[in-house]
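**Student:** Just so we're aligned: 521 in the numbering used here is position 469 of the sequence shown, and the numbers increase by one with no gaps anywhere.
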Amino acid sequence: MSHQETHGFQTEVKQLLHLMIHSLYSNKEIFLRELVSNAADAADKLRYMALTDDALYEGDGELRVRVSTDKEKNTVTIEDNGVGMTRDGVIEHLGTIAKSGTAEFFKNLSGDESKDSQLIGQFGVGFYSAFIVAEKVVVKTRAAGHGADEGVQWVSEGEGDFTVDTIEKANRGTEITLYLREEEKEFADDFRLRSIITKYSDHISVPVEMWQEGTPETEGPEGEKVEAVEGKWQVMNKATALWTRSKSDISDDEYQEFYKHISHDYSDAMLWSHNRVEGNQEYTSLLYIPAKAPWDMWNRDKSHGLKLFVQRVFIMDDAEQFMPSYLRFVQGLVDSNDLPLNVSREILQDNKVTKAMRTGITKRVLGMLEKLAKNDEEKYQQFWAEFGQALKEGPAEDFANKERVAGLLRFASTHTGTAAPTVALDAYIERMQEGQDKIYYIVADSHEAAANSPHLELLRKKGIEVLLMSERIDEWLINHLTEYKDKKLHSVTRGDLELGDLEDKEEKEAAEKLASSSEALVKRISEVLSDQVKEVKVTSRLTDTPACVVVADGEMSSQMIKLMEAAGQPVPDVKPTFEVNPEHPLIAHMDQIQDEQAFADWSNLMLQQAQLSEKGSLNDPSAFIKLMNQMLVGKV
């Protein structure tokens, strides 16, 4: 019995369709690639479901995708005998975009078509690409295992709504008919569609078929009869799993098209690795590094991982067990001969084979990146700009590969510029000064704050390179990456500067003399600020700034405190060490002040100034401004 309903599209779908219909894509033919890809996925999913319920095949186990045209009606039809959809599934999948963060995604659209097309491509629009060329789309579908009277028809002209009706459908699977716009007639041509399928879908393991017209009985040149040839469905693609073929038989274009098929990315991959492992474990991996970070890479609700196949049978998307989280940007698949066909996520979670494969695949990805960094530093910088923050999670997450991951990290430094914006730790070590035994770094709120920090003054004067860290993850990273190749990483804002052999005898004697002659000044400041600071001392790191604050080794840094506060976590009350530079004119002026209240005001001003420079904020900025204003008018 017919049961027709009209539904409105989700807001995000309306936005997406508007972009589609107004020709966001210059390459319109990709609609066929997307629809054929979806149809092949439906076949893969049925094959997996049928492992435990063979009845789902309904006596037809030859899975395939068929593409046909009707020039008179100006239509293209893509049909599969895959898993199909129920009525609820149709409403859910064809009326909404069920992805976390979609609203935020659409906020990022700028109106610049070239930029927006890249974003849409990363989003993966699949079915909706039909409206690039179609003025109306009709979908007829029936879920495998359901009765013929449970077929569903979905119809939309890509405007604000769609209708859903119950129909009779004898065969399981989905049939999508596109009623082409008048100006898109070229896509109703068989030859045109054949060329598109050959170009984009040759790698798909399910046969993609088109109808080959037969020929009538004819008479040969000498009167002999030439038998009639019946029409038939002709396979247009190789219809073998691409990853099972020899690497030498696969072109770069085929690898790139397969990447787009599994990732739903519209851009080419940056690089890939195709590898077969034999021995204790047998599996094949095909791994891709994208050129651009996916729009939802930082979405905690998003599943990340590889596609899992077992003996060429699709098992699941996003099998996160085979890839550590810090490499979640890697796309691809793994096909195992050593896992059971009925494998579940629970079995994968605690499986020796899985863990061994994860170890091997992780090392392969790291090897890909090491090779890229060695052979093409410019391209690696492009990779780093897209995925560097994710890679920084590695030293904490992957202890076994901590050193390898650290070797792939890149940082700005006091010695880098526009030509080479970042430096590797190995390159830093190579250009360390004679006698230098530490890797110096600073963490700040921004690159500018790090580069202009007063803590760098002495190091800059001596020409010692300092890594400049300004991303939110850096403070967390550095808590887990305390040394690299026997070189300690040392913060220039913590404890003593510890220049070791870089500090000559004369400098050390001069510093000791200055500290001795400033004991009275340090004592006076300590009495004023005793409830605010842990200690007051003469600095060894400043040359042009009056004062700075530092935290002791082992105590929580100001950057980590800010991160914890932002996350709503309780933080300890850490009092800083206040270092003063007696040779600076302002501190020398303070030393001459006899009035104790004025001296106290100056001490507080210098401390707040140092805290502002270190943390970028103050607990009571109004008090600081008031005190500063009093000084400007000469009242202090």
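For every residue, glycine included, the Cβ atom is placed at its ideal position computed from N, Cα and C.
I'd like the ranges of any alpha helix (DSSP H) spanning at least 4 consecutive residues and lying wholly in the stretch 79-113.
**Tutor:** Qualifying alpha helix (DSSP H) stretches, in chain order: 82-101.
**Student:** How would you write the range of the beta strand (DSSP E) that Glu-57 sits in, first residue to last?
**Tutor:** Run containing Glu-57: 57-60, per the beta strand (DSSP E) assignment.
**Student:** Where are the beta strand (DSSP E) runs, 3 residues long or more, that stay fully inside the stretch 368-408, in chain order?
**Tutor:** Runs of the beta strand (DSSP E) inside the stretch 368-408: 383-388.
**Student:** In this structure, how does DSSP classify Asn-504 when only helix, strand and coil are distinguished?
**Tutor:** Coil, per DSSP.
**Student:** Could you check the C-alpha separation between Ser-337 and Ala-293 for me, to the nearest Å?
**Tutor:** Each residue's Cα considered, the two are about 12 angstroms apart.
**Student:** Could you check where the alpha helix (DSSP H) with Met-683 kicks off and where it finishes?
**Tutor:** Element bounds for Met-683: 673-684.
**Student:** Whose CA, out of Glu-269, Tyr-231, Gly-210, His-198, lies closest to the CA of Asn-223?
**Tutor:** Nearest option by C-alpha distance: His-198.
**Student:** Between Gly-668, Ala-452, Asn-453, Tyr-378, which has its C-alpha nearest Ser-498's C-alpha?
**Tutor:** Checking every option, the nearest Cα to that of Ser-498 belongs to Gly-668.
**Student:** For His-378, I'd like the list of residues in its chain whose CB is within less than 8 angstroms of its CB, leaving aside the five on either flank, ordered along the chain.
**Tutor:** The question names His, but residue 378 in the sequence shown is Tyr. Same-chain partners within the cutoff: Ala-442, Leu-443, Lys-444, Glu-445, Gly-446, Glu-449, Asp-450, Val-457.
**Student:** Suppose you measure from the CA of Arg-85 to the CA of Val-417; what does that come to, to the nearest Å?
**Tutor:** Those two C-alpha atoms are separated by around 28 angstroms.
**Student:** Across which residues does DSSP place Tyr-252 in a beta bridge pair?
**Tutor:** Answer is none; Tyr-252 lacks a bridge partner.
**Student:** Short check: CB of Ile-228 to CB of Val-88, under 8 angstroms?
**Tutor:** Not a contact, by the Cβ cut-off of 8 angstroms.
**Student:** Between which two residues does the beta strand (DSSP E) holding Pro-342 run?
**Tutor:** Segment 335-342, the beta strand (DSSP E) holding Pro-342.
**Student:** So, under 8 angstroms CB-CB, Val-119 and Trp-206 are touching, yes? Tell me the CB distance rounded to an integer number of Å.
**Tutor:** So it is not a contact: roughly 19 angstroms between Cβ atoms.
**Student:** With a CB to CB cut of under 6 angstroms and the five nearest residues on each side skipped, what residues in its chain are close to Lys-454?
**Tutor:** These residues qualify, in order along the chain: Pro-447.
**Student:** Excluding sequence positions up to five away, which residues of its chain have a Cβ less than 8 angstroms from the Cβ of Ala-195?
**Tutor:** Once the five neighbours on either side are set aside, the close Cβ partners of Ala-195 are Val-135, Gly-136, Met-137, Thr-138, Gly-141, Glu-202, Arg-224.
**Student:** Using three-state DSSP, classify His-532 as helix, strand or coil.
**Tutor:** Three-state result, His-532: helix.
**Student:** Specify, as a first and last residue, the run of the alpha helix (DSSP H) that Ala-458 falls within.
**Tutor:** Per DSSP, Ala-458 belongs to the alpha helix (DSSP H) from 454-460.
**Student:** Please report the straight-line C-alpha distance between Glu-509 and Met-349, rounded to a whole angstrom.
**Tutor:** The alpha-carbon atoms of Glu-509 and Met-349 are separated by roughly 38 angstroms.
**Student:** At 3 residues or longer, what runs of the beta strand (DSSP E) sit wholly inside the stretch 608-659?
**Tutor:** For the stretch 608-659, whole beta strand (DSSP E) runs of length 3 or above, ordered along the chain, are 629-632.
**Student:** In the DSSP assignment, what residue or residues form a beta bridge with Ala-182?
**Tutor:** For Ala-182, which the question treats as bridged, DSSP gives no partner whatsoever.
**Student:** Short check: CB of Lys-97 to CB of Phe-366, under 8 angstroms?
**Tutor:** Going by C-beta atoms, Lys-97 is nearer than 8 angstroms to Phe-366.
**Student:** Rounded to the nearest angstrom, how far is the Cβ of Arg-546 from that of Val-603, given a contact under 8 angstroms?
**Tutor:** That pair is a contact at about 6 angstroms.
**Student:** With DSSP as the reference, identify every bridge partner of His-542, one or two as the case may be.
**Tutor:** Looking at the DSSP assignment, His-542 forms a beta bridge with Tyr-492.
**Student:** How long is the line joining the alpha carbons of Thr-595 and Asn-633, rounded to whole angstroms?
**Tutor:** Approximately 8 angstroms, taken between the alpha carbons.
**Student:** So which of Gly-178, Asn-133, Ile-248 has the shortest CA-CA distance to Lys-221?
**Tutor:** Among Gly-178, Asn-133, Ile-248, the Cα nearest to that of Lys-221 belongs to Asn-133.
**Student:** Looking at the unbroken beta strand (DSSP E) that takes in Ala-293, where does it start and where does it end?
**Tutor:** Run containing Ala-293: none; DSSP gives neither H nor E here.
**Student:** Going by C-alpha distance, which of Glu-235, Gly-60, Ser-315 is nearest Thr-215?
**Tutor:** Residue Gly-60 is the option with its Cα nearest to Thr-215.
**Student:** Residues in its own chain within less than 7 angstroms of Leu-400 by CB, not counting five upstream and five downstream?
**Tutor:** Result list for Leu-400: Ala-371, Gln-373, Thr-406, in chain order.
**Student:** Which same chain residues, not among the five before or five after Glu-579, have their C-beta less than 6 angstroms away from its C-beta?
**Tutor:** Excluding residues within five positions, none has a Cβ falling inside 6 angstroms.
**Student:** Leaving out five residues before and five after Leu-670 in sequence, what residues of the same chain have Cβ atoms less than 8 angstroms from its Cβ?
**Tutor:** Answer for Leu-670: Gln-660, Gln-663, Leu-664, Phe-676, listed in chain order.
**Student:** Is the stretch 418-436 touching the stretch 389-404, taking contact as three or more C-beta pairs under 8 angstroms?
**Tutor:** The stretch 418-436 vs the stretch 389-404: no contact.
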